[in-house]
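Note that the working numbering numbers the sequence shown so that position 110 is 109, with each residue one more than the last.
All C-beta atoms in this analysis are idealised placements derived from N, C-alpha and C, irrespective of residue type, glycine included.
Keep in mind that this is a model prediction, so the values were computed, not measured.
Input: a single structure, listed below in structure tokens.
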Amino acid sequence: MSEIISQNIATTTISIIIPTLNEAENIKAALASTQPSNYVEVIVVDGNSQDETAQIADSLGIKVILSAPGRAKQMNAGAAVASSEILLFLHADTRLPLGFDVMVREALTQPGVIAGAFCLRIGAEQPSLRLVEWGVNVRSRFLQMPYGDQAIFLTRKLFDHIGGFPELPIMEDFELIRHLRSLGKITLIPVPVITSARRWLKKGIWQTTLMNQIVIIAYFLGISPQRIRNWYRREKLKRF
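Pasting the structure below:
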């Protein structure tokens, strides 16, 4: 597949798959960031939103499909109907940089590269968020462990080969990247995506960072993803 992309780098299509659930406030900005671009297909996979998310996307001429809720299930459903040779998974509260399509195609032609993601920028000005970004980007570059809010991309052939996202209630991006890392190099594009600061600001910057690390540790200790997800939701509710 890398040879195919190399030969047709200017015209290799990219399917951008956006899982949504009650993202009416963010979906326009996410969709706007996919344009202008060349040879790109955008698919919104809605998990039964109770707001106008699906209607907004549809009104903008975007392909919308419905899925059972759950980010992994939704992304797999989007991949199943995608028509492109490259898949890019974009969170609904994240914006792609200008020229992302060229950067993705070029990244996948590099020797040994099988997948990639972007550096992270959090969309708020608090100085402590710059430290969070630094930690994320160091981890992503040196450990080759980007997460889902960094717009993971790979070829359809490889995605199908590994069976897509594991349909876990949490940590699906972590498991996907762990699997990919065992197969080849995961590159990090130095230009950042911009993701919403809402979860850091609502729950507290350091509290959110600590909670994320606790979730990873719990997962490594063998605690079931469903149990971790239930705990994570309870902790979120306590913040409001």
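Query: Can you tell me whether G60 is buried or exposed? The criterion is at least 16 other CB atoms within 10 Å of its CB, across all chains shown.; Result: exposed
Query: Between the Cα of E40 and those of I17, N21 and E166, spot the shortest distance and give me the residue it belongs to.; Result: I17
Query: Using CA atoms only, rank isn't needed, just tell me which of P224, F173, G69 and F164 is closest to R155.; Result: F164
Query: Rounded to the nearest angstrom, how far is the Cβ of E174 from that of L182, given a contact under 8 Å?; Result: Contact doesn't hold; Cβ gap of about 13 Å is too wide.
Query: So what's P224 in DSSP terms, helix, strand or just coil?; Result: helix
Query: If you draw a straight line from the alpha carbon of G221 to that of I227, how long is it in whole angstroms?; Result: 10 Å
Query: Output yes or no for whether 8 Å exceeds the beta carbon distance between P224 and I185.; Result: no
Query: What are the start and end residues of the beta strand (DSSP E) that includes D45?; Result: V39 to D45
Query: Taking the alpha carbon of G77 as the point to measure from, which residue in Q212, F219 and F158 has its own alpha carbon closest?; Result: F158
Query: Going by the C-beta, is I8 closer than 7 Å to any heavy atom of the ligand NAD?; Result: In the structure on display, the ligand NAD does not appear, and there are no ligands present to speak of.
Query: Is the beta carbon of I176 less than 8 Å from the beta carbon of P126?; Result: no
Query: Helix, strand or coil: how does DSSP classify I13 here?; Result: strand
Query: Let me know if I13 comes out buried or exposed under the rule of 16 or more other beta-carbons within 10 Å of its beta-carbon.; Result: buried
Query: Would you mind sorting W199 into buried or exposed? The rule is 16 or more other CB atoms within 10 Å of its CB.; Result: buried
Query: Given R94, which residues of its chain have a CB within under 7 Å of its CB, disregarding the five upstream and five downstream residues?; Result: A28, A29, S32, V192 and I193
Query: In angstroms with no decimal places, state the Cα-to-Cα distance between I188 and Q54.; Result: 32 Å
Query: Are at least three pairs of beta-carbons, each pair with one atom in the region 137-144 and one in the region 65-85, less than 8 Å apart?; Result: no
Query: Tell me which same chain residues have a C-beta within less than 8 Å of the C-beta of I204, skipping the five on either side of it?; Result: Q125, S127, L128 and V131
Query: Expressed to the nearest angstrom, what Euclidean distance is found between the alpha-carbon atoms of G115 and V44?; Result: 22 Å
Query: Leaving aside the five residues before and after A56 along the sequence, list all residues of the same chain whose C-beta is less than 7 Å from its C-beta, in chain order.; Result: I26, L30, V43 and V63
Query: Give every residue of the same chain whose Cβ lies closer than 8 Å to the Cβ of K237, excluding the five residues on either side of it in the sequence, and list them in chain order.; Result: Residue confidence for K237 is low, a pLDDT of 43 falling below 50, so the modelled location carries little weight; the figure read from the coordinates is stated next. Answer for K237: no residue qualifies.
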